[in-house]
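Visitor: Going letter by letter, the sequence shown gives residues 1 to 530 in UniProt numbering.
Just so it is clear, CB atoms sit at the ideal spot from N, CA and C, and this is done for glycine as well.
Shown below is the structure under consideration.
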Amino acid sequence: MKTGYPRFFVPRVVHQLAMRLLARQQSDTAFADDLGIHGEGEERLATLLNAARHGRVCRETLLEWSKAKKTEANSPYIGVYAVAWGGKVSPVQQEATPDKSRTTSQPEIGEEDIILVTYPAELAPEVKSFWQHTGYGISSRRATYWLEHAPFLADPASSKPSLSSAERSLSVIQAGAALKDQIAAGQSSPTHNLHVAPSDVFLFSSGMTAITELATAIKSLRPPTPGSPYRVAVFGFLYVDTFKVLSRVLRFHPHNSTHYTPTSLTALTTLLTHTRLDAVFTEFPGNPLLQTPDLTALAQLARQHDFALVVDDTVGTHASVRTLRAADVVCSSLTKIFSGACNVMGGVVVLNPGSAFYGRLRRVLERGRGEAEGAWFGEDVVVMEGNGRDFGLRVERVGRNAEVVVAVLRGSAVVREVYYPLGGPTQELYDRFRVEGGRYGFLVSIRFREKAQAVAFYDALDVAKGPSLGTNFTLCCAYTLLAHYNELEWAAEYGVVEDLVRISVGLEDRAWLEERVEGVVVAEGKSVKL
1 MKTGYPRFFV PRVVHQLAMR LLARQQSDTA FADDLGIHGE GEERLATLLN
51 AARHGRVCRE TLLEWSKAKK TEANSPYIGV YAVAWGGKVS PVQQEATPDK
101 SRTTSQPEIG EEDIILVTYP AELAPEVKSF WQHTGYGISS RRATYWLEHA
151 PFLADPASSK PSLSSAERSL SVIQAGAALK DQIAAGQSSP THNLHVAPSD
201 VFLFSSGMTA ITELATAIKS LRPPTPGSPY RVAVFGFLYV DTFKVLSRVL
251 RFHPHNSTHY TPTSLTALTT LLTHTRLDAV FTEFPGNPLL QTPDLTALAQ
301 LARQHDFALV VDDTVGTHAS VRTLRAADVV CSSLTKIFSG ACNVMGGVVV
351 LNPGSAFYGR LRRVLERGRG EAEGAWFGED VVVMEGNGRD FGLRVERVGR
401 NAEVVVAVLR GSAVVREVYY PLGGPTQELY DRFRVEGGRY GFLVSIRFRE
451 KAQAVAFYDA LDVAKGPSLG TNFTLCCAYT LLAHYNELEW AAEYGVVEDL
501 VRISVGLEDR AWLEERVEGV VVAEGKSVKL
């Protein structure tokens with residue numbers, strides 16, 4: 001493979017920069033003692049993260065995971081270093097204490113330290129999982145900028161011109177402010193007396209980073225005790241990396257209610273009579289089955305039992321639904337339909353100013369705002385802001401297009417079920433939070449009567465194929481095989497069957513879309529074209 005979704009496939013340019021920085025660290029005589037720690041003959045690899053705290057979390061997580069992998073007494077040596085724009089390599093301390101040997105002046109935007117994590121080659125699968133679950137890795141745009149402009153890396157003869165520091169800083173600051181203004185306005189609900197300020201909006205370098213940092217903030221609200229460990233409930237069949245970052249990286253004790261049903265709600269209510277929860281995470285609507293949780297009931301439970309209700313509205317979007325009036329926090333991946341262009345990553349956390357958790361969470365997140373915003377590469381911020389300006393118009397169009405696709409699919413005899421909020425079993429729960437004129441989203445999942453029909457449909461559908469969603473162009477994927485390949489039987493227990501086909505409907509002309517879908521699925525009981 002030459003490329004892939006950035007959290008699933010480390011961009012080649014990032015790998016190239018990692019090898020350059022690893023070589024620099026290994027050649028520095030100041031770190032000669034490190035060779036004695038991990039052995040001169042041990043093959044070392046490296047990954048690049050956005051912030052020093054990310055490096056600490058990575059080291060802690062890899063050491064924890066390695067305990068389950070290794071039987072020998074010695075723990076692997078995980079090196080964490082800050083690489084400055086000028087090339088200086090400094091070790092990152094295990095605890096977040098001020099480093100008096102470093103300058104106190106702030107680096108220019110775009111020139112913030114990159115965190116180099118070195119590890120033995122045998123831990124490569126674990127490092128890849130950490131990169132995927134947390135979204136902490138640097139972007140390809142940042143890696144390219146360093147290779148082309150960092151004074152110790154770039155070839156002066158081939159160095160490309162760039163904006164002045166002042167111009168770059170101004171554009172990034174303006175883009176970040178514009179994003180916060182736009183999202184705050186979009187998440188507000190004046191008819192429900194919900195007024196979100198830009199200061200209630202926290203930006204991150206990816207959607208999974210937003211979830212990871214929010215969950216970390218929730219953990220910080222109280223100390224754990226032997227009788228009361230950190231616990232969360234996952235309500236509904238959530239995105240795979242949300243569950244894994246909560247359980248594997250942050251080590252919450254998760255309770256998993258993977259159905260959006262009254263029975264699951266009753267089970268959660270019963271659980272709360274004897275178990276303390278720190279938070280409940282849910283999606284509105286869920287992915288890939290597009291069912292909607294009863295947010296009103298969940299909000300009531302949250303107030304009664306003092307847990308934070310966290311809603312991921314990546315699929316629903318604030319252009320169509322306003323869930324913050326029920327939730328304590330809304331998080332979203334800006335990488336998806338907010339950007340649409342499939343060329344930048346970002347995430348956001350929005351706090352409900354009326355929540356009982358507002359003051360405590362805001363203080364924690366505010367303390368880390370500088371690090372978080374510095375971790376999102378400036379050029380990525382500028383690209384995201386530009387992409388998102390027509391977000392509302394695009395959500396309207398892809399929603400209408402999706403309804404056309406759904407109508408065609410529901411008219412086919414070879415389709416067993418179409419999963420979509422409109423006309424689905426939980427539409428009423430969706431409609432409670434739908435804005436006036438709001439659509440039902442761009443995501444559609446399909447279950448065919450026979451597995452062979454699903455395979456034939458997927459192969460014949462003449463659109464782009466890939467694992468993401470929310471792109472401006474229509475994108476189709478074999479969802480379960482991509483997201484749950486190693487747990488197919490478990491996923492099938494919750495209706496996420498092996499041959500589920502998911503379509504993220506794009507901005508194309510409706511007639512073009514209708515022609516492609518009808519050209520593959522022939523209505524009134526005829527077979528799928530092979």
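Taking the straight line between their C-alpha atoms, what separation do you get for ARG369 and LEU194?
Guide: Straight-line Cα distance between these residues: approximately 23 Å.
Visitor: Below 8 Å CB to CB, which residues in the same chain sit around ASP99 once its five sequence neighbours on both sides are set aside?
Guide: Annotation note: pLDDT 46 at ASP99 (below 50); position unreliable, no value reported.
Visitor: Tell me which residue opens and which closes the alpha helix (DSSP H) that ARG510 is part of.
Guide: Where ARG510 is concerned, the enclosing alpha helix (DSSP H) stretches over 510-518.
Visitor: Under a three-way DSSP split, which group does VAL435 fall into?
Guide: VAL435: coil per DSSP, three-state reduction.
Visitor: Starting from PHE391, trace the alpha helix (DSSP H) both ways and give me its first and last residue.
Guide: Taken as a continuous stretch (DSSP letters only), the alpha helix (DSSP H) holding PHE391 covers 391-410.
Visitor: Take THR71 and list the residues in its own chain whose beta-carbon comes closer than 7 Å to its own, dropping the five residues that flank it on each side.
Guide: Low confidence applies here, because THR71 scores a pLDDT of 43, under 50, leaving its location unreliable; read the following figure in that light. Excluding sequence neighbours, THR71 sits near nothing in its chain.
Visitor: State buried or exposed for TRP490, treating a residue as buried only when at least 16 other CB atoms are found within 10 Å of its CB.
Guide: The residue is exposed, with fewer than 16 neighbouring Cβ atoms inside 10 Å.
Visitor: Evaluate contact between the stretch 318-337 and the stretch 385-397, counting only Cβ atoms and requiring at least three cross-stretch pairs below 8 Å.
Guide: Yes: the two stretches touch, three or more of their Cβ pairs being nearer than 8 Å.
Visitor: Distance, Cα to Cα, TYR430 vs LEU147?
Guide: TYR430 and LEU147: Cα-Cα distance of roughly 47 Å.
Visitor: So, at 7 Å on beta carbons, what are the nonlocal neighbours of ARG102 in its own chain, with the 5 sequence-adjacent residues on each side left out?
Guide: Note that ARG102 scores a pLDDT of 44, beneath 50, so its modelled location is shaky; the value from the coordinates is reported in the next line. Here the set comprises SER90.
Visitor: With ASP380 as the anchor, note down where its alpha helix (DSSP H) starts and where it stops.
Guide: Unbroken alpha helix (DSSP H) run through ASP380: 378-388.
Visitor: Output yes or no for whether 8 Å exceeds the beta carbon distance between ALA308 and LEU268.
Guide: Result no, Cβ atoms of ALA308 and LEU268 do not sit closer than 8 Å.
Visitor: Nearest to ILE78 by CA position, among ALA68, LYS88, THR61, ALA356, is which residue?
Guide: Per the Cα distances, THR61.
Visitor: Taking only the alpha-carbon atoms, compute the straight-line gap between LYS244 and SER169 and give it to the nearest angstrom.
Guide: If you take the alpha carbons of LYS244 and SER169, they lie about 36 Å apart.
Visitor: Assuming contact is defined by CB atoms lying nearer than 8 Å, are PHE457 and VAL521 in contact in what I supplied?
Guide: Yes, the Cβ-Cβ distance between PHE457 and VAL521 is below 8 Å.
Visitor: Can you tell which of ASP380, VAL455, ARG502 has the C-alpha that lies nearest to the C-alpha of ARG141?
Guide: Nearest C-alpha to ARG141: ASP380.
Visitor: Let me know the secondary structure DSSP gives SER55 once reduced to three states.
Guide: For the record, residue 55 in the displayed sequence is Gly; it is not Ser. Helix at GLY55.
Visitor: Can you give the beta carbon distance from LEU290 to GLY495, rounded, assuming they're within the 8 Å contact cut?
Guide: Going by Cβ atoms, the distance from LEU290 to GLY495 rounds to 11 Å, so no, they are not a contact pair.
Visitor: Under a three-way DSSP split, which group does ASN193 fall into?
Guide: Note: ASN193 maps to coil in three-state DSSP.
Visitor: Is DSSP giving TYR136 helix, strand or coil here?
Guide: Note: TYR136 maps to coil in three-state DSSP.
Visitor: For a quick check, are the C-beta atoms of GLY347 and THR282 less than 8 Å apart?
Guide: Cβ distance not < 8 Å, so GLY347 and THR282 don't count as in contact.
Visitor: Could you check which residue in ILE115, LEU334, PRO156 has the C-alpha nearest to that of GLY137?
Guide: That would be ILE115, whose Cα lies nearest to the Cα of GLY137.
Visitor: Count the other CB atoms, across all protein chains shown, that sit within 10 Å of the CB of residue 548; report buried if there are 16 or more and exposed otherwise.
Guide: Look at the range of the chain in this structure, 1 to 530, and you will see that residue 548 is not part of it.
Visitor: From LEU422, THR471, ARG363, TRP376, pick the residue whose C-alpha is nearest to that of ASN387; which is it?
Guide: Among LEU422, THR471, ARG363, TRP376, the Cα nearest to that of ASN387 belongs to THR471.
Visitor: Helix, strand or coil for ASP312 per DSSP?
Guide: Three-state DSSP puts ASP312 in a strand.
Visitor: Where does ASN486 land, buried or exposed, given buried means 16+ other C-beta within 10 angstroms?
Guide: Its Cβ having fewer than 16 others within 10 Å, ASN486 is exposed.
Visitor: Looking only at its own chain, which residues have a Cβ that is under 7 Å from the Cβ of ALA511, when we skip the five neighbours before and after it?
Guide: Answer for ALA511: no residue qualifies.
Visitor: Return the first residue and the last residue of the alpha helix (DSSP H) that ILE337 is part of.
Guide: That residue, ILE337, is in no alpha helix (DSSP H); it is neither H nor E in DSSP.
Visitor: Is it true that the CB of PHE377 sits closer than 8 Å to the CB of SER139?
Guide: Against a cut-off of 8 Å, the Cβ pair of PHE377 and SER139 comes out as a contact.
Visitor: Cutting at 6 Å between CB atoms, please list the residues of its own chain near GLY424, excluding the five before and the five after it.
Guide: No residues qualify anywhere along the chain.
Visitor: If you compare alpha carbons, which of VAL315, LEU272, VAL14 is closest to GLN304?
Guide: Comparing Cα-Cα distances from GLN304 to each of VAL315, LEU272, VAL14, the minimum goes to LEU272.
Visitor: Please say whether GLY176 and TYR145 have beta carbons closer to each other than 8 Å?
Guide: It is not a contact, given that the beta carbons lie outside the stated cut-off.
Visitor: Does the stretch 392-412 come close enough to the stretch 207-220 to have 3 or more Cβ pairs within less than 8 Å?
Guide: These segments do not touch.
Visitor: Just to confirm my understanding: we take HIS133, look at its own chain, exclude 5 residues before and 5 after, and list those with CB closer than 7 Å. What are they?
Guide: Once the five neighbours on either side are set aside, the close Cβ partners of HIS133 are MET208, ASP241, LYS244, VAL245, ARG248, VAL249.
Visitor: Cβ atoms of ALA375 and SER205: under 8 Å apart, would you say?
Guide: It is a contact, given that the beta carbons lie within the stated cut-off.
Visitor: Helix, strand or coil: how does DSSP classify GLU283 here?
Guide: Three-state DSSP puts GLU283 in a strand.
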